[in-house]
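For the record, the sequence lines run as chains A and B.
Using the working numbering, read the first sequence as starting at 373 and increasing by one per residue.
Using the working numbering, read the second sequence as starting at 373 and increasing by one per residue.
Read the structure below first, then the notes.
Protein chains: 2
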Amino acid sequence: MLSKNQIKQIQSLQLKKIRDTEKLFIAEGVKSVLEIVETRPTQLKELYATAAFIEKNRSAIKSISTPVIEINEEELKKISLQSAPNQVLAVCHYFPKAMTPPDFESGFYLYLDDVRDPGNLGTIIRLADWFGVSTVFCSPGSCDFYNPKVIQSTMGAFLRVNVVFVELKTLINNYPIRAIYGAVLDGKNIYRESLQNGLVIIGNEANGINSENLHYINRPITIPANHNNGTESLNAAMATSIICSEFFRQLRAG
Amino acid sequence: MLSKNQIKQIQSLQLKKIRDTEKLFIAEGVKSVLEIVETRPTQLKELYATAAFIEKNRSAIKSISTPVIEINEEELKKISLQSAPNQVLAVCHYFPKAMTPPDFESGFYLYLDDVRDPGNLGTIIRLADWFGVSTVFCSPGSCDFYNPKVIQSTMGAFLRVNVVFVELKTLINNYPIRAIYGAVLDGKNIYRESLQNGLVIIGNEANGINSENLHYINRPITIPANHNNGTESLNAAMATSIICSEFFRQLRAG
């Protein structure tokens with residue numbers, strides 16, 4: 373049985389401040405947790421699982437050295453952030469920060485300029501995974517990667533896509549990037565541009581790309597609308613999915 | 373001041389059963405409500421607005437015959453579904469069911485086969501508006517169009533896109549549709565197909581397209597992934613945004 377103190381400790385990981393101090397985060401659900409067990413077992417600190425999960429995944433659990441704490445559905449509800457918790461919750465160590473150096477000549481990358489909504493960030497990471505974008509760079513003002521809602525909405529893609537928080541200026545000073553795209557209202561029709569590998573900047577949900585970052589853009593692009601009838605913008609995740617799709621089509625699958 | 377009874381009546385419109393009986397739904401927020409005032413004033417039954425909204429929009433309000441009930445922020449909170457209510461809430465009549473007949477030879481249309489999440493449905497309607505898809509057909513098992521979360525997440529696009537609930541079989545029996553696309557796992561690479569006007573079927577979030585509808589598809593398509601590394605699917609709204617973008621690119625903006 374979980375003590376009140378244990379429950380509190382796990383719940384406290386919903387707060388960024390506590391996560392950053394403890395260097396711990398939460399991943400939930402059968403699919404995500406089994407993927408961590410398989411591909412990143414050393415990230416696991418503790419596993420809280422129902423009897424049903426333990427019964428069904430005996431051999432997977434045996435392969436790891438992490439303590440597995442059996443809990444009942446009611447206890448899971450208490451520590452879970454999901455409205456419908458799914459059998460298992462893992463407390464994990466932050467990922468080591470080693471990063472494969474990006475190569476802006478041979479791949480296209482995303483830079484999220486203050487994307488704040490956890491659902492949007494998670495969706496964009498999932499999308500990056502789908503289209504083979506190896507690293508998603510985020511401005512320091514973007515939503516925290518270890519936010520449980522981000523982890524959840526990546527559907528496991530957080531294990532495969534590098535997410536690096538860095539100022540755009542620093543990134544550009546450290547790496548030569550020839551093509552820097554930005555989705556802006558008066559950009560060129562993305563479908564008619566001959567897209568190249570490089571960096572694509574995606575702006576904040578409400579305010580777009582920060583003014584101090586706009587001048588780095590040397591290839592302004594836009595997603596044309598059918599007519600100007602009122603829909604003023606696509607949301608950040610939709611726009612990113614369309615942009616990634618078009619880069620992928622032109623550069624990889626064309 | 374709102375009576376308890378008034379508050380209850382408005383809150384009850386969160387339930388589909390009540391909405392369908394009363395033929396009433398809720399739209400919230402300055403932008404959506406002003407757009408209804410401008411483009412569909414006869415849909416309005418009552419307007420609940422703060423003093424600030426009334427002050428700022430005197431002339432718009434004057435143009436309509438709808439009763440405007442002044443309420444304070446606290447009352448707005450009680451009747452609103454938003455975590456941060458935005459000045460005004462409208463109780464509206466269901467839209468008349470007149471539909472511009474679709475022409476599957478000169479436009480592309482969507483059929484949502486049991487898309488259940490209100491956020492997904494709303495996002496798809498917004499997307500349809502952006503890319504000029506005039507009608508979104510929905511299976512009877514899809515999420516209710518008048519669900520407040522749907523209305524909210526369309527960001528006003530619910531006023532411009534026709535949403536029609538109909539069995540796929542009925543639709544196909546009533547209209548000649550040459551090209552019926554469906555997003556399926558073993559479909560053809562959407563980027564390499566020469567897409568045509570017609571109907572695109574989008575499946576349920578968890579189960580894809582219903583088995584009884586699969587055989588209507590004569591152009592199976594798929595969004596290729598970079599590699600088969602674990603991300604099993606894109607979510608319904610992301611997939612739809614990519615598909616609509618590619619149809620739009622080939623047929624309208626290419």
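Every residue gets a Cβ at the ideal spot worked out from N, C-alpha and C, and that includes glycine.
Keep in mind it's a predicted model, so treat the numbers as computed, not measured.
One Cα belongs to residue 606/A, the other to residue 510/A, and the distance between them is close to 20 Å. If you ignore the 5 residues before and after residue 573/A, its C-beta comes within less than 6 Å of the C-beta of 483, 485, 554 and 581, all in its own chain and listed in chain order. Looking at 377/A, 542/A, 397/A and 592/A, the one whose alpha-carbon comes closest to that of residue 565/A is 592/A.
Distance between residue 541/A and residue 514/A, taken at the CA atoms: about 15 Å. Counting only the Cα atoms, residue 469/B lies some 18 Å from residue 399/B. For residue 399/A, the enclosing beta strand (DSSP E) begins and ends at 396–400. Going by C-alpha positions, residue 431/A is about 11 Å away from residue 409/A. Within the stretch 446–525 of chain A, the beta strand (DSSP E) runs of at least 3 residues that lie entirely inside it are, in chain order, 460–465, 480–484 and 507–510. Rounded to whole angstroms, the gap between the alpha carbons of residue 579/A and residue 547/B is 43 Å. In this structure residue 545/A is exposed. Its beta-carbon is surrounded by fewer than 16 other beta-carbon atoms within 10 angstroms. Residue state for residue 441/B is assigned as strand, using DSSP reduced to three classes. Neighbours of residue 499/B in chain A, taken as residues at a C-beta separation under 8 Å, are given in chain order as 606 and 610. Boundaries around residue 418/B are those of the beta strand (DSSP E), 416–421, since no alpha helix (DSSP H) includes it.
About 38 Å separates the Cβ atoms of residue 519/A and residue 624/B, ruling out a contact at the 8 Å cut-off. Not flagged as an interface residue toward chain A: residue 507/B, since no C-beta distance is shorter than 8 Å.
Rounded to the nearest angstrom, the gap between the Cα atoms of residue 615/A and residue 452/B is 35 Å. Residue pairing by DSSP places residue 553/A opposite 572/A and 591/A in a beta bridge. With its beta carbon less than 8 Å from one in chain A, residue 613/B belongs to the interface. The C-alpha of residue 383/B is placed about 22 Å away from the C-alpha of residue 493/B. Following the DSSP letters along the chain, one finds residue 534/A in no alpha helix (DSSP H) but inside the beta strand (DSSP E) bounded by residues 534–537. A check of alpha carbon separations from residue 466/B across 378/B, 535/B and 460/B identifies 535/B as the nearest. Ranked by Cα distance from residue 427/B, the first of 443/B, 527/B and 549/B is 443/B.
If you draw a 10 Å sphere on the C-beta of residue 471/A, you find fewer than 16 other C-beta atoms in it, and that means exposed. Taken atom to atom, the span from the alpha-carbon of residue 620/B to that of residue 416/B is near 34 Å. Each residue's CA atom was taken as its position, placing residue 586/A and residue 611/A some 18 Å apart. Collapsing the DSSP output to three states places residue 607/B in coil. DSSP places residue 545/B inside the alpha helix (DSSP H), whose first and last residues are 540–546. Classified as exposed, residue 475/A has fewer than 16 neighbouring CB atoms from the shown chains inside 10 Å of its CB. Shown here for residue 559/A: same chain residues with a beta carbon closer than 7 Å to its own, the five before and five after excluded, namely 592, 593 and 594 in chain order.
Not a single CB atom of chain B sits nearer than 8 Å to the CB of residue 530/A. Not flagged as an interface residue toward chain B: residue 559/A, since no C-beta distance is shorter than 8 Å. Residue 521/B sits close to residue 490/B, with the two beta carbons spaced by under 8 Å.
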